[in-house]
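Note that the protein sequences, when read in sequence, are chains A and B.
Mapping of the first sequence onto our numbering: position 327 corresponds to residue 327, and the numbering continues sequentially without gaps.
Mapping of the second sequence onto our numbering: position 275 corresponds to residue 275, and the numbering continues sequentially without gaps.
Below you'll find the structure, written out as structure tokens, and then a few comments.
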Amino acid sequence: MKYYKILLTALAIIALAPGCQDILEENPRTAFTNDYFMTPQGAQDGLNTGYAYLRYHYGVNPTLALNISGTDEFTYGEQPAVNSSGDNLPHKLFGTYDINAEFGFLTTTFNRTFPIINLMNGLIEFIPEIGTLTESAKTEMLAQARYLRAHYFYLLVAQFGAVPTDQGSGHLVFNTTPYRGFNRPTKDDTEGMRELLALNYQVMIEDLEFASQNLRKARPLREFRLSQAVALHLLSRIYLLRAYSGISPNPQADFQASYDAAMKIVNDPAGYGVQLLQDFGDAYKQSNEYNLEIMFAAERIPLDNVNNEYTNPSGISDRENMAASCFTSNYESVSFRNGTDPIDGRPLLFQRPLRKLRPTDWLLNVAFADKVNDSRYHNSFRTVYTVASINPAGSAAYNTWLDQLPAGVEPGDTAFVMTDTDEMAAALNAADKPYRAYGPSAWWSPVNPAQAPQIYPALKKFDDLQRATGNDASGRPMPIFKFAETYLLAAEAALQGNINGGATEAARLINIIRERAAYRPGLDATTLNNRRASMQITAADVDLDFILDERARELAGEGSRWPDLAMRGESVFLSRVALNDEAAPGVKAHHRIRPIPQQQLDRINVSNPADYQNPGY
Amino acid sequence: MKNVALLRHMHDRGRSRCLTLLILLFAVLLSPAVRAQNSVSGTVTDENGVGMPGVNILLKNTSTGTTSDANGAYTLSVPDASDAVLVFSFIGYNTQEVSLGGRSTLDVSMEPNVRALEEIVVVGYGVQKKSDVTGSLVSVNSEALREVPVANVQQALQGRAAGVEVQRIGTAPGATARIRVRGERSILGSNDPLIVLDGIPFEGSISDINPDEIATINVLKDASATAIYGSRGANGVVIITTKRGESGETRVTLNSYYGVTTVSKKYDLFNAEEYATMRDRAGFTEGYQPEEIEGLALGRNTDWQDLMYESGFITNHNLGISGGGENGRYAVSGGYYKETTILPGQDYSRYSLKTTFDNDIGKRIKVGLNSLNSLSYANGSQFVNQQPNTPGAFGGGIMYPILSMSPLMPAYDDQGEIFRTPAGNQTDRTQQYNPLLLKHETDSWVDQIRRFRTFNSAYGEVEIIDGLKYRINLGFDFSQVNSAQFQGQDSYFRSQNQSNRARVRNEEQLSWTVENVLMYEKTFADDHRLTFTGLYSAQKARTWSTMVSKDSITADFIQFYDLGSASPTANHLLNGGESTWGLLSYMARVNYAFKDRYLATFTFRSDGSSRLAEQWHNYPAVAVGWNIGEEAFMADQNFVSALKLRVGYGQTSNQAVNPYSTRGGVTGTNGGVPIRYNYGTTKVVGYLPARIPDKSLDWEYTNTWNVGLDFGLLEDRITGSVEWYNAQTNNLLFNQSLPISSGYQDAYETNVGKVENKGIEVAISANIITSTDGGFTWSADFNWFFNRNKLLALGAGEERDIANGLHVGHPLTAIYNYKKLGVWQEDEADLAAEYGQIPGQLKIADLSGPEGVPDGVFTEEHDRTIIGDQQADWQGGITNRFTYKGFDFSFVTYARFGGLLMSYLHAPNGAYLTNNNGLRNGLDVEYWTPENRSNWFPAPNSALPGGAANSWSTLAYYDASFIRIRSINLGYTVPGSIASRIGAQSLRAYFTVQNPFLLYAPYVTKWNGVDPEPTGQGSAGIVSTGAGFRTGGVNQNLVISASTPPVRSFIFGINVTF
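Listed below in structure tokens is the structure:
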């Protein structure tokens, strides 16, 4: 019977069919495994992540608070003062050293570093094994991975003190163990903590030595891929900080090494592809981000929310570069003398008034006591606002606003001005002008929270005029290191290590920076020369405080002031923070190290997690 | 005779050498009829002596047959009256074989197979007499299914089976429901039961199955019943058997109905006057819009619900032809189902085609094929129905504007054109358009999901020797889902300054199954009955998808059809995914019965899964049964007609580990955002090891004890069962957070937790009033059950995971939030002030503080507690059936008592419909005023004190209890003599009201809700959930949000058989 045969044949075939064992094999198409990092593209994508996470550490609201607030340079702004809840609360509490481990701001730094250190450990392990890469390509990639590992260790050590180098699978080993411990001594184990800190410095130095020899030498044009200058700069900083740290085996040798690393760049700027610009202000100009003075930056592209990883471009708590807006005061609260509104809405020009950070009176009045010869005050702060509207010229809303302006006032005219002195303000206010002038005593400050209007000079280095709306985050690259600081590092190392004449060498290097600061475009030669002369200092002027003052003038608001003070030792930290009226009453020695975030302590599997908190918290 | 064979090879990843799939199609033409020589006639009667129409009468071993006419009479030609045997069969009656013995007249009385324990029930890989069953299972037959015309299987099961909880998760037409058998055991994995359709595991949407095609549904509940499905048994198994052809005369059946759907309860909103009062009380500073001022003067009261609601319809037509002869049986049917609702733009339609063939080849071989195909379109189920708050999903939603639009605003302008911006506040006027635009500009948006599915199974069976059978089952399942969304510029969904946008998603799912089954059945020494079932099976399934999304499409008329015709903008999105898994299994089962009294079932299954690193696991189960009713000592009484005690224990698991989970999570995204960077203008992407690989990842194992008692009383007029069970699931998968210092930012999936489900189930069927002469009868099915779910352990040392709503010692649906005390009254002003609050605002309990005592401040950390859960205290259903002469009447009642529902409709932050801040209209809730000191809702206030909103989510919780009449059905079976005039064998016409009313529902009667059943899951339709509960993954809390109001349908239908 033919059916019978057909059926038997069919069944025989089918019965054999499921014998194949590959039913149980997985061959994922879209699920990535660690094997991906063992391919050239995967290793590069890993490095890209290492760069991308820098965005969390430069320019975002939480890390600005950690790196700037509560220093001699900056205190909390009007928004945290008036409404200290939500996102504002930590600003106020960091600004007054009322700090606890629950603050989410801490986790931005703490949590966005360890995964990258782990990834770099992996890349450093995998890259040498990638067969299809040339040796030189491997070395170059390894150098980037080791630089990035050192940089992320630096970010952690700067805030939290010693941090584990063993994430579960061993010292600097890519972690494959679901480890729930915390390889860090308890708070009572001071000696253990010193040893771990020493190990942290050693790791950073070894990585940076390697990177400074194996990265490409010249800083690439029009992008911020890592180069030797960046590694040397950070190396110089790390050696300097280790010399201050109290765990250095030989501080003198560290000062020397710091000086040497910095001087390599100072002595061969062209070779390293860097240059001190003639005009201090040019380093921060929009569309001039790739200038030769900025050595390294966390990159972004204006208006490109996808590239910038902005799902909510007006958000203030993720990866959004809110640097410009955090420094801006409440310019919307100012009116003309006739009571009308000179600034209609939030024009791109003036940034979003987030009002999180205010320059301290010390920075505005003492550090920048000389606002004439030193161009850096006016290059750093916006003191003049002009009449402007968010509405397009000719629209009905624009015309309504225009009609209410005082007679004779046109868009672009002065809206209000913050003068260098009270006398200047008085003089201007005495004149018959529609706008008002505010001298330093009329600026809003936390001491006088009822002060109206709520304005103070706004740091303008990071201003971004290319945004979709007034509330949007910036798409500008955020500077990390600039060449001028290399001079200051060398000067400080020379002074402290008494190298090449010590203070004399320091004064020589600082004078290069100060002379440059005298320059303003349009000055005639005589005026410029006079100003340069008055900017000159001598060896007698130079001490550590002077160098810290100079760093404030040169680097105000650039994102490392807090570690700069904290890592230079307890007395420096306390004496400098004392210059900040709001911070001074609350600051204690233990504040030099931040608390370990509660989330970390909650997740570690030990009987008493509180033992792993930093002392004092 | 012809046959067609289709052979298909599928190569896996292009490198496999092995033949992995084969489908056989056998189409058999029936043999011609045998020539007539003699004739036999007679009458078939039922147990009451009434003539039975439609009884199948077949000459044994031939294809010759007929059916009885309307009066039960028949005539059949037989070749030789002396040794002919006639077979009489009818569903629900015992089949009889009667030798003709030369007679030319043969009257037969049919006996109903009333003995429930004699029923044949489908168990996994076979059938069993119900009296032999040792596991826990529940059946729903086609008759019960027919009582409520339903859109899908889930609806058919709701309230019908003890231990089976069905809750809806959507209100749009075509929306599906969630089935839970004996509670939830997994946090991360699916808790959906395994569906087995005609013997083949069925993945994906159960809505693809046309309920008209279903013959029976059996739900296997305990481990001894489900252990044969091993790693997929823990969530219960729903075995669906579809109708197949029967030998006999060709039979044509038509089931048709048409119904009208109307709103059963509108949302109770503020009318214009109340709205104005609320606004004034709120101190809303923006003031009235000019049109509203005009509205106040005119006394305008626009009822947006009335303007938008219309009546919908529901219709279903199913035409089937079946029949067969000596060697072959066939059934072919086609169905069309369509449902619209009371809101525009939402409908669901399904076309289905089913073909089955069964063919005998000789005496020992059988082959068969079953092909189910369906094509369905769901419109308006994505963004039209509910406002999704998934990042990246298209916004929209229609209920919210209908409920929140100002009643003072006009719907149409002076010219009779739609007034485009009728919102009652400035901000909304630029963003929220008139919902009538959605109704009238139907070309400006598309929201469609198309599903196509072809599910095919074939078998071949050989009886090698008597009692020993080998059977091969083949399954081939393919489905394709295409979702298209479009929102035109300046349309209802996109305001003037927003560009249009479109999204297309395609998903393909393909799976195949091969099963080799060996069955042996033998009775030894009369008393020892042994059945052995052995299985070797393989299954592989792959799913992959692509999604494209784009804005700024050149012209609106393009819609989603060409996303290439668009301006280049940054807002395009491309997405895709792939997932493949395989399962190899061996199974052996032995059923042993001694004297039909002592029963034992031993099951062993070994499953190897591609998803695990340690691939193989063995699942044992054992169950014993004692048919006490068969014992001699029971013979002397008449009260108990059957009694059986069952005890079973076994282990099963669920497929909670997703493919590729053991490989670790290297991700290209961070917080859902692709990792990107740029070097100058060079844009790059990044990858990061975000989750540590866990090679030891394992299934969740559920160990179940089940004790059951089946009984029949008074000659089985009352039958039923009582079950007790306790299921412990250990190895629970949980996303364990690691300290970030480990280098991994995401929690890793590992087996740590433990959950318990225990409960009692009671099911009773009773023939309360019987009749022997076609008189009045009353029968009822009753089921009552509860399940107690409790999380026993999370990760090491973890007591609660607030973000995921998990609390050790409480059900998985526990609600953790502030405890609402009421509203601050005026005499409490001082105390309120201490908390920064004012009279008229919500008062919540200050439970604790950092020192462990109330601290005078409300903090999330110290003042939240478990305030309840969503678990029902008990639930159950009653179906009552009455017949009299040709009339049948039935109604189905479903009750669910206890637990809290989550009405985010009521939470001000959840739906923005009870903010009472003057911005928008909303639910007519009884709010606090100095004159009316409500303790329920806070006073309208447009400028709330800080922190007032923290407690708003406490307004979402209400008693979830309800009793609902799900349907009332009245049918009339036309007497056979009349039916035969139109050539029909039987004709029944019926009228059904679905969801006629709620008998009890405090949420509706006291708290202004519209329906106590959930409208969605997780954060569907919710803006802000406020408190930690499960809004992600597969096991989200069920919620009520602003969605299509409940509807009532009036259906008229007919069942005809020709």
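Yeah, the Cβ is synthetic: ideal placement off N, Cα and C, and Gly gets one too.
From a predicted model like this one, the values you see are computed outputs, not experimental measurements.
Check: Taking 6 Å as the limit between beta carbons, can you name the residues of its chain near Val504 (chain B), skipping five residues before and five after?; Outcome: Ala484, Val548, Phe560
Check: How many angstroms separate the CA atom of Glu756 (chain B) from the CA atom of Ile815 (chain B)?; Outcome: 18 Å
Check: Between Ile675 (chain B) and chain A, is any beta-carbon pair separated by less than 8 Å?; Outcome: yes
Check: For Pro615 (chain A), would you say it is in contact with chain B, using Cβ-to-Cβ distances shorter than 8 Å as the test?; Outcome: no
Check: Below 8 Å CB to CB, which residues in the same chain sit around Thr662 (chain B) once its five sequence neighbours on both sides are set aside?; Outcome: Arg611, Leu612, Ala613, Pro693, Asp694, Lys695, Leu697
Check: Please report the residue range of the beta strand (DSSP E) in which Pro79 (chain B) lies.; Outcome: It is not in any beta strand (DSSP E) - Pro79 (chain B) carries neither H nor E in the DSSP assignment.
Check: Would you say Asp341 (chain A) lies against chain B (beta-carbon separation less than 8 Å)?; Outcome: no
Check: State the start and end residues of the unbroken beta strand (DSSP E) segment that holds Arg542 (chain B).; Outcome: 528-551
Check: Consider the Cβ of Tyr58 (chain A): report whether some Cβ of chain B lies at a distance smaller than 8 Å.; Outcome: no
Check: If you draw a straight line from the alpha carbon of Ala1042 (chain B) to that of Gly1016 (chain B), how long is it in whole angstroms?; Outcome: 10 Å
Check: Taking the runs of the alpha helix (DSSP H) that are 4 residues or longer, which of them lie wholly in the region 390-428 of chain A?; Outcome: 396-404
Check: Using a Cβ cut-off of 8 Å (strictly closer), state whether Arg8 (chain B) contacts chain A.; Outcome: Caution applies to Arg8 (chain B), whose pLDDT of 33 falls short of 50 and renders its modelled position unreliable; the value that the coordinates give is listed next. No, Arg8 (chain B) lies away from the interface with chain A (no Cβ there is under 8 Å from its Cβ).
Check: Assuming Tyr259 (chain A) contacts Ala494 (chain A) (C-beta within less than 8 Å), just tell me the rounded distance between them.; Outcome: 5 Å
Check: In angstroms with no decimal places, state the Cα-to-Cα distance between Phe858 (chain B) and Leu119 (chain A).; Outcome: 41 Å
Check: List the endpoints of the continuous beta strand (DSSP E) containing Ile265 (chain A).; Outcome: Careful: Ile265 (chain A) lies outside any beta strand (DSSP E), inside the alpha helix (DSSP H) at 251-267.
Check: Between Gly876 (chain B) and the rest of its own chain, which residues show a CB-CB distance below 6 Å, the 5 nearest in sequence each way excluded?; Outcome: Asn783, Trp784, Ala895
Check: So for Asn529 (chain A), helix, strand or coil by DSSP?; Outcome: helix
Check: Beta-carbon separation of Ala297 (chain A) and Pro479 (chain A) under 8 Å?; Outcome: yes
Check: How close, in whole Å, do the beta carbons of Thr216 (chain B) and Tyr257 (chain B) come, if the pair is a contact with beta carbons under 8 Å?; Outcome: About 21 Å; that fails the 8 Å criterion.
Check: Would you say the beta carbon of Ser84 (chain A) comes nearer than 7 Å to a heavy atom of the ligand GDP?; Outcome: The ligand content of the structure shown is nil, which means the ligand GDP is not present either.
Check: If you draw a straight line from the alpha carbon of Ile604 (chain A) to that of Asp863 (chain B), how long is it in whole angstroms?; Outcome: 25 Å
Check: Residues in its own chain within less than 7 Å of Thr186 (chain A) by CB, not counting five upstream and five downstream?; Outcome: Asp611, Tyr612
Check: With a cut-off of 8 Å on the beta carbons, I'd call Asn61 (chain A) and Ile316 (chain A) a contact; round off their distance for me.; Outcome: 5 Å
Check: According to DSSP, simplified to helix, strand and coil, what is Gln536 (chain A)?; Outcome: coil
Check: Using the C-alpha atoms, what's the distance from Val624 (chain B) back to Tyr701 (chain B)?; Outcome: 22 Å
Check: Whole angstroms is fine: what's the gap from Tyr1068 (chain B)'s alpha carbon to Asn804 (chain B)'s?; Outcome: Missing from the structure shown is residue 1068 (chain B); chain B here goes from 1 to 1058 and no further.
Check: CA-CA distance, Ile675 (chain B) and Asp781 (chain B)?; Outcome: 58 Å
Check: Taking Cβ-Cβ distances shorter than 8 Å, what residues in chain B pair up with Gly46 (chain A)?; Outcome: Gly686, Tyr687, Leu688
Check: Just verifying my parser: in three-state terms, what is the DSSP assignment at Phe160 (chain A)?; Outcome: helix
Check: In its own chain, which residues sit with a C-beta less than 8 Å from the C-beta of Asp900 (chain B), not counting the 5 before and 5 after it?; Outcome: The sequence given here has Leu at residue 900 (chain B), not Asp. Only Ile815, Ile867, Gly868, Asp869, Gln870, Tyr957, Tyr958, Asp959, Ala960 meet the Cβ criterion.
Check: Could you check whether the Cβ of Leu794 (chain B) sits closer than 8 Å to any Cβ belonging to chain A?; Outcome: no
Check: With a cut-off of 8 Å, does the C-beta of Ser737 (chain B) fall near any C-beta of chain A?; Outcome: yes
Check: Just the chain B side, please: which residues come within less than 7 Å of Tyr51 (chain A) by C-beta, in chain order?; Outcome: Tyr677
Check: Can Ala162 (chain B) and Val140 (chain B) be called in contact, C-beta distance under 8 Å?; Outcome: no
Check: For the alpha helix (DSSP H) that Asp679 (chain A) lies in, which residues bound it at each end?; Outcome: Residue 679 (chain A) lies beyond the stretch modelled for chain A, which goes from 1 to 617, so this question has no answer here.
Check: For Gly170 (chain B), which of B:Thr261, B:Glu326, B:Ala378, B:Thr242 has the nearest alpha-carbon?; Outcome: B:Ala378
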